[in-house]
Structure formats: C-alpha cells, structure tokens
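Protein chains in written order, with the working numbering: chain P, 560 to 710; chain A, 560 to 710. Presented below is the structure to which this report refers.
Protein chains: 2
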Amino acid sequence: MVLSRTSQYAVQALIYIATQPMGEPVLNRDIAERLNVPAAYLAKILQNLCKHGLLDSFRGRLGGFCLREGMHRTSLMQVLLLTEGPDFTKSCILGLKDCSDATACPMHFKWVPVKKKILSLLNEMNLEELAKAVLTGKYRLADLPAAAMAT
Amino acid sequence: MVLSRTSQYAVQALIYIATQPMGEPVLNRDIAERLNVPAAYLAKILQNLCKHGLLDSFRGRLGGFCLREGMHRTSLMQVLLLTEGPDFTKSCILGLKDCSDATACPMHFKWVPVKKKILSLLNEMNLEELAKAVLTGKYRLADLPAAAMAT
DNA sequence: AATAATTCGGATAAAAATGTCTTTGGAGTG
DNA sequence: CACTCCAAAGACATTTTTATCCGAATTATT
Numbered sequence: 560m561v562l563s564r565t566s567q568y569a570v571q572a573l574i575y576i577a578t579q580p581m582g583e584p585v586l587n588r589d590i591a592e593r594l595n596v597p598a599a600y601l602a603k604i605l606q607n608l609c610k611h612g613l614l615d616s617f618r619g620r621l622g623g624f625c626l627r628e629g630m631h632r633t634s635l636m637q638v639l640l641l642t643e644g645p646d647f648t649k650s651c652i653l654g655l656k657d658c659s660d661a662t663a664c665p666m667h668f669k670w671v672p673v674k675k676k677i678l679s680l681l682n683e684m685n686l687e688e689l690a691k692a693v694l695t696g697k698y699r700l701a702d703l704p705a706a707a708m709a710t
Numbered sequence: 560m561v562l563s564r565t566s567q568y569a570v571q572a573l574i575y576i577a578t579q580p581m582g583e584p585v586l587n588r589d590i591a592e593r594l595n596v597p598a599a600y601l602a603k604i605l606q607n608l609c610k611h612g613l614l615d616s617f618r619g620r621l622g623g624f625c626l627r628e629g630m631h632r633t634s635l636m637q638v639l640l641l642t643e644g645p646d647f648t649k650s651c652i653l654g655l656k657d658c659s660d661a662t663a664c665p666m667h668f669k670w671v672p673v674k675k676k677i678l679s680l681l682n683e684m685n686l687e688e689l690a691k692a693v694l695t696g697k698y699r700l701a702d703l704p705a706a707a708m709a710t
C-alpha cells in the first residue's frame, strides 16, 4: 500500500542492526534468517545502503554490517528516500506528474493533509527509537516463521 | 507511493466517464486520449471494471463504456478494492502479514491512525463528487499533454 | 447484405521488481 | 604462506506489472 518490498526489507534490517551491540558487525545471513527474507536479495539492499553511507561493511572473518557512526538517529524518511527514490515525497495520488495547489487534481486538497501526516510520521521515527521499542519485547520485526510453531 | 498505475488509470477513467452525460457510451479511445494513457491497456482495465459491475460496455457502432446505473456514488475505496485487491486495507507498513494490536510491529500504533485517515478519505470520496469538481474547471484529471503547448 | 466502428479475448512483449547463483578478493587465523 | 570465513560485485533467472497486437464478435448505418 505504501512501501515496496525492498524498502520494507531495508527498514526491517536497519532496525534489527540497530538493536545489536554497536561496533560488532552483524552478518547478512543472520539478518536474513531473523527476518525470514531472501539472503542474497537482502545483501543487495544492504550494499546499496552502504554506498549511501548509512552502513559500514567489513569483509573477511568477523565481517558484516554495522550502522555507521551517528546514523542511529536516521529517520525512516531518510531511508525511504534512498530505497524509493527522491520522488517519494512528491507523489500525487492520481499519478499526475504536475499536481500542486496551482495545478491540482480533484483529490489534491483532500490528499495533501493526509500526505503531510504520513511524511511527518516518517520524519519523526528514527532507527534508534524503533530499535528500543523492539528491545522491550513488545514489538515484532518480522512474521513468526513456521518453525516458531515448534517451540 | 500508494497506488499502482493500474489503479490510477482506473480512477482517472471512472471520474472522466462520470463527467460525461450519463447514458451516452464513452469511447475507450477518447478516454485514453484525454488522459494521455495507453489505449489498449486502459481497455483491459475498463473490461475488468465491467466484469465487476462498475461499468456497462456496448459493442459495435455507438458502443463504448458507461457507468452502470447507481454507480455514480461508488467510493474510491470500492474501486481500489477491485484494482489493488482485497488486501488493500490490511497492510502493515513494514510488510508483516500478521500485524495487529496483539502482534504489533514497532510502527503499528503510530501507523494505524494515519492509515485510518487514508481509508476514511478514500471511503468518503465518490465518483460523482470528483466528477463535479472536475466540471468546475478548477481541477485536472491528467497532466497536460505536450500538444497542449500549441494551443 | 455489406461496411465501418467498436468492444472482447487471448497471445505476446517489454519493463521493472524481486530473487538466485557464482566468482572475486579482502581479512583474520594458524 | 596457506586456509577459511566473509562481503562485494555482477551475471542470471523468475515473477509481476505494464503495455501492445490481433482476430473475432457485435452493432448501427448504408
């Protein structure tokens, strides 16, 4: 409804990494397993986040991915601008390329306030807060795998 | 950000049909031209809306598409449930299949109120109202085609 | 009856998103 | 140095979405 799978994986992974002790690289394989997500595909996404400076990656033994220093406060919006592209915030709900107060689609004036709510929510949530919420144990980062039924 | 192209085309087309005199079939070709959208693809979408009872279609000369009687009050939500599928309203922003008050993702309690706003907006807007808005001339249904520069 | 205009239905194609595999090279360990 | 564990990088495959094409059926007009 709002985000691509790629974005969902990226956000989940970043939150998970933020829950881990900082400075200790997290394995792509572990993240993928924890989130129940295809490992190779996730690796692609994480590599992309590295390129954009959100993560650091380390090769070799004891390698893995770390949140780059200072990036714990990264907002969801900042992440989504990377994964969904820079037009993420600009969309008209009917798909018009040019839809503004001056050139409005018939939904425009009803949609804009709702969109603002969405954007401000995404702006105010950051990885650190979300990670803390997960660490309380009250929230889930991924669906329970079928295996969890066996515990 | 929220809707697939298919949904956007469907909504635009339905609003356009609703602006036309009722009872007179509207040509797929005319709609496509007006909205600047691929005609063959649009035809598929309209056929699908016929199947689901939103439109009537007429073959042959003087054929075309009409809003079915009583369907002027159709809400955007009803349209989107057809074009996006019945899970449209159920989505968790992080993509969890099972995300409820009891099994919440870390965004859940912040996201739900915003989602409610989106859904109630989509529920309260209907084709007739949107068509009226377009008929005032204050709103656009499609981007201006390049050709419009020549007028 | 012939013709022209239109939707219908199926086949096909192109593009984008998602997912997989394989090779490479860096980094620690013995 | 040789070995092993790891991510990087890129090629490849699959699936979904978007788009095109064509023949057949239908209808009004001539």
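No residue lacks a Cβ here, since even glycine has one placed at the ideal position from N, Cα and C. From a predicted model like this one, the values you see are computed outputs, not experimental measurements.
Exercise. Among Gly612/P, Gly696/P, Pro665/P and Lys674/P, which residue has its Cα nearest to the Cα of Thr695/A?
Worked result: Residue 695/A sits at position 136 when you count from the first residue of the second sequence. Taking only the C-alpha atoms, the option nearest Thr695/A is Pro665/P.
For this session: Give the single residue among Pro584/A, Arg588/A and Ser659/A whose Cα lies nearest to the Cα of Gly622/A.
Result: Your numbering for residue 622/A matches position 63 in the second sequence. Of Pro584/A, Arg588/A and Ser659/A, the residue nearest in Cα terms is Pro584/A.
Exercise. Quick one: is Cys658/A near chain P, going by C-beta distance under 9 Å?
Worked result: Here residue 658/A refers to the residue found at position 99 when the second sequence is read from its first residue. So yes, Cys658/A belongs to the interface.
Problem set entry | Proximity of Val671/A and Ala569/A at Cβ, strictly below 9 Å | In the second sequence, counting from the first residue as 1, residue 671/A sits at position 112. In the second sequence, counting from the first residue as 1, residue 569/A sits at position 10. Result no, Cβ atoms of Val671/A and Ala569/A do not sit closer than 9 Å.
Exercise. Is Ser616/P helix, strand or coil by DSSP?
Worked result: Numbered from 1 along the first sequence, position 57 holds the residue referred to as residue 616/P. Ser616/P: strand per DSSP, three-state reduction.
For this session: Kindly list, in the order they appear in chain A, the residues whose Cβ is closer than 8 Å to that of Tyr698/P.
Result: If you number the first sequence from 1, residue 698/P lands on position 139. Within chain A, the residues near Tyr698/P are Ala663, Cys664, Pro665 and His667.
Problem set entry | Neighbour flag for Thr710/A against chain P, beta carbons, 9 Å | Position 151 of the second sequence, counted from the first residue, corresponds to residue 710/A. Unreliable positioning characterises Thr710/A in this predicted model, as indicated by a pLDDT of 44, which lies under 50. A coordinate reading is not provided.
Exercise. Nearest to Lys669/P by CA position, among Asn587/P, Leu653/P, Gly619/P and Leu594/P, is which residue?
Worked result: Against the first sequence, residue 669/P aligns to sequence position 110. Selected option, being the one with the closest Cα: Leu653/P.
For this session: May I have the straight-line CA-CA distance separating Pro597/P from Arg588/P, to the nearest angstrom?
Result: As a first step, residue 597/P is located in the first sequence; it is residue number 38 there, counting from the start. As a first step, residue 588/P is located in the first sequence; it is residue number 29 there, counting from the start. Whole-angstrom Cα-Cα distance: 9 Å.
Exercise. So who's on the other strand from Gly623/P, going by DSSP bridges?
Worked result: Taking the first sequence and counting its residues from 1, the one referred to as residue 623/P is at position 64. Phe617/P, per the DSSP bridge assignment.
For this session: Could you list the residues in the region 575-603 of chain A with a C-beta less than 7 Å from some C-beta on chain P, going in chain order?
Result: none
Exercise. Which residues of chain P have a Cβ atom closer than 8 Å to the Cβ of Lys675/A, listed in chain order?
Worked result: The residue labelled residue 675/A in the question sits at position 116 within the second sequence. Near Lys675/A there are no residues of chain P at all, since even the closest Cβ is about 10 Å away, more than 8 Å.
Problem set entry | Residue-level contact to chain A via CB, Leu689/P, 9 Å cutoff | Here residue 689/P corresponds to residue number 130 of the first sequence, with the count starting at 1. For Leu689/P, the answer is yes, since a Cβ of chain A falls inside 9 Å of its Cβ.
Problem set entry | Distance between Ala701/P and Leu680/A (C-alpha atoms, nearest Å) | Residue 680/A sits at position 121 when you count from the first residue of the second sequence. Residue 701/P sits at position 142 when you count from the first residue of the first sequence. Rounded to the nearest angstrom, the two C-alpha atoms are 29 Å apart.
Exercise. Would a check of beta-carbon distances place Arg712/A closer than 9 Å to chain P?
Worked result: As shown, chain A starts at 560 and ends at 710. That puts residue 712/A outside it, with no answer to give.
Exercise. Pairing CB atoms from the region 562-577 of chain A with CB atoms from the region 599-611 of chain A, are three or more of them under 8 Å?
Worked result: yes
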